[in-house]
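J.: Just so we're aligned, residue 1 is where the sequence shown starts under full-length UniProt numbering, counting upward by one. A virtual CB, placed ideally from N, CA and C, is assigned to each residue, including glycine.
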Amino acid sequence: MHIDLDRHSGITLTEQIRSSIADRIQSGLLQEGEKLPSVRNLSRLLNVSLMTVFHAYEMLEHEKLVLRIQGKGTFVQEKSLRFNEWKTQNQLGKPTLDWQNSVADYLPRAQYWRMMQTPLVDVAKLSMAALHTSLIPTEWLSKQFYQYSQVDNTALTEYGPVQGDSKLREAVLPYFRSKNIVTSPNEILILNGSQQGIDLVASTFVGPGDCVVLEEPVYPCTIDVFRKRGATIYTVPIDEEGMQVDHLAKLCDSRPPKLIYTNPTFQNPTGTVMSMRRRVQLLELAQSYNSIILEDDATSDIYFGTEPPPSIKSMDTRGHVIYLKGISKFISPGCRIGFLIADGTFITRLVGSKGISDLGTPLITQKAILPFFSSNQLNKHLPVLREKLKERRNLVLQILNHTAPKNVHWTKPDGGLNIWLTLPPAFHAEDLHANTLKEGISFLPGHVCFAAQQQFHHLRICFSYLDIHLLEQAVTTFCRLLHDFLHTNRHTQQFMHM
């Protein structure tokens, strides 16, 4: 088990070990019933004292994440029947794979992977930040795939350019110009979704020990990606104006970041919008300290009233901003297409990194998407999508206003797909999630969105994925379960504080 330890950090080695193992357990990389390295072996592997590892395991046991069995070892605590199934398989003589635990990996956690493991059957996914099928232009897209495959089969028989289809890169220029982003086809890289863009930027520009700043809370996968690179992660809190740039300025004075990640418009998970004032300040800070800004723009097209402020990239004249734009949130998640815009040598290096990664995005998908941007289809699609999502947002807010507990608070987003809820601090959203799953409802527990000190009393629900009638039922049931949870656990909390 590989754990990156920062021996100069203000966080104790015991806490770093505890936190790393807890992340692996909570994200599913360490599965129920799996045996952890012995105290002696892990202390030797990490070059720390026996007591350091012992106390870390002790803390994990106190959190009910592991179970220590005298004479046998330390195991990931069972929370379901999976552990019994695991034991039965071994009792039946299936060879154990314990030797694999001796092979080091470099995955600190995989919360996004865990999120995608929610059972598909009979679960109302308030957790899923994606569009319901009725909101996706499936018939139009299917027609494009069919027509192109009939006219030209080269997309099935040849590799496309690593940088992406030149016609598509040309076709998206008017779309980006409408966002005041002046670019050229040579400065655009076509991706397998913007998720790949985060990983490409990290693998190209971030190495062990590099300082990376994330807003917090943040899209969980960014934590996974930058931890995997061995980055030293610092976090800056978000308020109603987005990232608190004054906090970032103080950090820059002591530790200038190599990269700053931000999702400034209808931020995931909170739905907040960074003010114009802070966008300007953030760009000025990046210019002052020669930092990269990775601007993730997933949902700026989904606004329910006034158009949001212009992107940070639109104000960038010195090449500090690498801009990501995915289409999954407003066209189709299944197409897995995204765009990266960068200037100067950044784009050259990122294209090289893309070539190492996968040799290019599937050409047939690019060809099918092309008419969406080269025709008037996008301009027809977006107003309808905004209106339908606004209706869903209003429905959810109305239900929350009328039926949610008074001591629970939530954001009221002007766009995007998410609503961020905050419970009283003493209550743990993961425990609530266990209850709602029994009733067939999932949401995203908020602690996975924190890279530093995890906060357990937040959660995210999405109003875009379910049929509108099922959405109404799911949110109403969720509020009932939330009432029950707070009432039942209120007595437990009172007892604990006596």
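Going by beta carbon distance, what residues of the same chain come within less than 7 Å of Phe83, once the five residues before and after it are set aside?
T.: One-based indexing of the sequence shown puts residue 83 at position 83. At Phe83 the pLDDT is 38, less than 50, meaning the model places this residue with poor confidence; the figure from the coordinates comes in the next sentence. Hits under 7 Å: Glu32, Gly33.
J.: Tell me whether Met51 is buried or exposed, calling it buried when 16 or more other Cβ atoms sit within 10 Å of its Cβ.
T.: The sequence position of residue 51 within the sequence shown is 51, counting from 1. With fewer than 16 Cβ atoms within 10 Å of its Cβ, Met51 is classed as exposed.
J.: Helix or strand or just coil, what does DSSP make of Gly355?
T.: If you number the sequence shown from 1, residue 355 lands on position 355. Looking at Gly355 - three-state DSSP - the assignment turns out to be helix.
J.: Given this structure, state the Cα-to-Cα distance separating Ile322 from Cys449, to the nearest angstrom.
T.: Within the sequence shown, residue 322 is the residue found at index 322, counting from 1. Within the sequence shown, residue 449 is the residue found at index 449, counting from 1. In a straight line, the C-alpha of Ile322 is about 22 Å away from that of Cys449.
J.: Check whether the Cβ atoms of Gly326 and Gly338 sit closer than 8 Å, and answer yes or no.
T.: Within the sequence shown, numbered from 1, the residue matching residue 326 stands at position 326. Within the sequence shown, numbered from 1, the residue matching residue 338 stands at position 338. Yes, they are a contact pair.
J.: Just to confirm before moving on: does the CB-CB distance between Ala452 and Glu216 stay below 8 Å?
T.: Along the sequence shown, read from residue 1 onward, the residue named residue 452 stands at position 452. Along the sequence shown, read from residue 1 onward, the residue named residue 216 stands at position 216. Cβ distance < 8 Å, so Ala452 and Glu216 count as in contact.
J.: Quick check: what's the CA-CA separation for Ser80 versus Ala434?
T.: Counting from one through the sequence shown, the residue named residue 80 turns up at place 80. Counting from one through the sequence shown, the residue named residue 434 turns up at place 434. Note that Ser80 scores a pLDDT of 46, beneath 50, so its modelled location is shaky; the value from the coordinates is reported in the next line. If you take the alpha carbons of Ser80 and Ala434, they lie about 11 Å apart.
J.: Taking the alpha carbon of Gly360 as the point to measure from, which residue in Thr12, Asn376, Gln163 has its own alpha carbon closest?
T.: Position 360 of the sequence shown holds residue 360. Closest by alpha carbon: Gln163.
J.: Compare the beta carbon distance of Cys479 and Asn418 with 8 Å and say whether it is the shorter of the two.
T.: The count along the sequence shown starts at 1 and reaches residue 479 at position 479. The count along the sequence shown starts at 1 and reaches residue 418 at position 418. Going by C-beta atoms, Cys479 is not nearer than 8 Å to Asn418.
J.: Going by DSSP, name the residue or residues bridged to His409.
T.: The residue you call residue 409 lines up with position 409 of the sequence shown. Beta-bridge pairing links His409 to Thr422.
J.: Which residues share a DSSP beta bridge with Glu215?
T.: Locating residue 215 in the sequence shown gives position 215, counting from the first residue. DSSP output for Glu215 lists Val236 as bridge partner(s).
J.: For Leu486, collect the residues of the same chain with a Cβ closer than 6 Å to its Cβ; drop the 5 residues on either side in sequence, then sort them by chain order.
T.: The residue you call residue 486 lines up with position 486 of the sequence shown. Closer than 6 Å at Cβ, skipping near neighbours: Pro405.
J.: Report the rounded CA-to-CA distance for Gly93 versus Arg227, giving the unit in angstroms.
T.: For the purposes of this step, residue 93 is taken as the residue at position 93 of the sequence shown. For the purposes of this step, residue 227 is taken as the residue at position 227 of the sequence shown. Low per-residue confidence applies at Gly93: pLDDT is 44, beneath 50, and the placement is therefore not dependable enough to give any value.
J.: With 16 as the cutoff for other CB atoms within 10 Å, does Tyr219 come out buried or exposed?
T.: One-based indexing of the sequence shown puts residue 219 at position 219. It is buried - the Cβ of Tyr219 has at least 16 other Cβ atoms within 10 Å.
J.: Measure the beta-carbon distance from Leu126 to Ser442 and round it to whole angstroms, keeping in mind my assumption that it falls under 8 Å.
T.: Counting from 1 along the sequence shown, the entry for residue 126 is found at position 126. Counting from 1 along the sequence shown, the entry for residue 442 is found at position 442. Contact holds; Cβ gap of about 6 Å.
J.: Express the C-alpha separation of Ile293 and Gly75 in angstroms, rounding to a whole number.
T.: Taking the sequence shown and counting its residues from 1, one reaches residue 75 at position 75. Taking the sequence shown and counting its residues from 1, one reaches residue 293 at position 293. The residue asked about is misnamed: residue 75 is Phe in this sequence, not Gly. When rounded, the distance between both Cα atoms is 41 Å.
J.: Anyone know if the C-beta pair for Gln16 and Asp23 falls short of 8 Å?
T.: For the purposes of this step, residue 16 is taken as residue 16 along the sequence shown, with counting starting at 1. For the purposes of this step, residue 23 is taken as residue 23 along the sequence shown, with counting starting at 1. No; because the gap between Cβ atoms is not below 8 Å, this pair is not in contact.
J.: Rounded to whole angstroms, what is the Cα-Cα separation between Gly71 and Asn41?
T.: Mapped onto the sequence shown, residue 71 falls at position 71. Mapped onto the sequence shown, residue 41 falls at position 41. If you take the alpha carbons of Gly71 and Asn41, they lie about 15 Å apart.
J.: Excluding the 5 residues preceding and the 5 following Gly415 in the sequence, name in chain order all residues of the same chain whose CB lies nearer than 6 Å to its CB.
T.: Translated into positions along the sequence shown, residue 415 becomes position 415. Answer for Gly415: Phe266, Ile302, Tyr303, Phe304, listed in chain order.
J.: Could you check how far apart the C-beta atoms of Thr183 and Gly209 are, in whole angstroms? I think they sit under 8 Å.
T.: Residue 183 sits at position 183 when you count from the first residue of the sequence shown. Residue 209 sits at position 209 when you count from the first residue of the sequence shown. Going by Cβ atoms, the distance from Thr183 to Gly209 rounds to 32 Å, so no, they are not a contact pair.
J.: Assign His402 to buried or exposed, taking buried as 16 or more other Cβ atoms, counted over all protein chains shown, within 10 Å of its Cβ.
T.: Residue numbering aside, residue 402 sits at position 402 when the sequence shown is read from its first letter. The residue is exposed, with fewer than 16 neighbouring Cβ atoms inside 10 Å.
J.: Alpha carbon to alpha carbon, what distance is there between Glu158 and Thr133?
T.: By one-based count along the sequence shown, residue 133 stands at place 133. By one-based count along the sequence shown, residue 158 stands at place 158. Those two C-alpha atoms are separated by around 31 Å.
J.: Give me, in chain order, the residues of the same chain whose beta-carbon lies closer than 7 Å to that of Ala202; leave out the 5 immediate sequence neighbours on both sides.
T.: Here the question's residue 202 lines up with position 202 in the sequence shown. Cβ within range, chain order: Val225, Phe226, Arg229.
J.: So what does Phe75 bridge to, in DSSP terms?
T.: For the purposes of this step, residue 75 is identified with residue 75 of the sequence shown, where counting begins at 1. DSSP output for Phe75 lists Lys35, Leu67 as bridge partner(s).
J.: So the candidates are Arg386, Ile190, Leu470, Ser38; which of them puts its Cα closest to the Cα of Asp358?
T.: Here the question's residue 358 lines up with position 358 in the sequence shown. That would be Ile190, whose Cα lies nearest to the Cα of Asp358.
J.: Does the region 133-145 come close enough to the region 362-380 to have 3 or more Cβ pairs within less than 8 Å?
T.: Segments in contact, yes.
J.: Quick check on DSSP: helix, strand or coil for Ser442?
T.: The residue you call residue 442 lines up with position 442 of the sequence shown. Correct three-state label for Ser442: strand.
J.: So the candidates are Arg18, Leu141, Ser353, Glu391; which of them puts its Cα closest to the Cα of Leu65?
T.: Position 65 of the sequence shown, counting from 1, holds the residue named residue 65. The shortest C-alpha separation from Leu65 is found at Arg18.
J.: At which residue ranges does the region 166-192 contain complete alpha helix (DSSP H) runs of 4 or more residues, listed in the order of the chain?
T.: Whole alpha helix (DSSP H) segments, 4+ residues: 166-171, 173-177.
J.: With which residues is Thr262 paired in a DSSP beta bridge?
T.: Working through the sequence shown from its first residue, we reach residue 262 at position 262. Glu295, per the DSSP bridge assignment.
J.: On the criterion of 16 or more Cβ atoms from any shown chain inside 10 Å, does Gln196 qualify as buried, or is it exposed?
T.: As a working mapping, residue 196 is identified with position 196 in the sequence shown. With 16 or more other Cβ atoms within 10 Å, it is buried.
J.: For Cys462, which residues does DSSP report across the bridge?
T.: Taking the first residue of the sequence shown as position 1, residue 462 is located at position 462. According to DSSP, Cys462 bridges with Asn418.
J.: Roughly how many angstroms separate the alpha carbons of Ser49 and Ile341, rounded to a whole number?
T.: Mapped onto the sequence shown, residue 49 falls at position 49. Mapped onto the sequence shown, residue 341 falls at position 341. Approximately 48 Å, taken between the alpha carbons.
J.: With a cut-off of 8 Å on the beta carbons, I'd call His428 and Gly446 a contact; round off their distance for me.
T.: If you number the sequence shown from 1, residue 428 lands on position 428. If you number the sequence shown from 1, residue 446 lands on position 446. In fact, because the Cβ distance is near 10 Å, the residues do not count as touching under 8 Å.
J.: Out of curiosity, what's the CA-to-CA distance linking Gly355 and Asp246?
T.: Indexing the sequence shown from 1 puts residue 355 at position 355. Indexing the sequence shown from 1 puts residue 246 at position 246. Rounded to the nearest angstrom, the two C-alpha atoms are 38 Å apart.
J.: Please check the pair Thr222 and Ile198, which I expect to be a contact at CB under 8 Å, by giving their CB distance rounded to whole angstroms.
T.: Start at 1 with the first residue of the sequence shown, and residue 222 comes out as number 222. Start at 1 with the first residue of the sequence shown, and residue 198 comes out as number 198. The Cβ separation is near 6 Å, so the contact holds.
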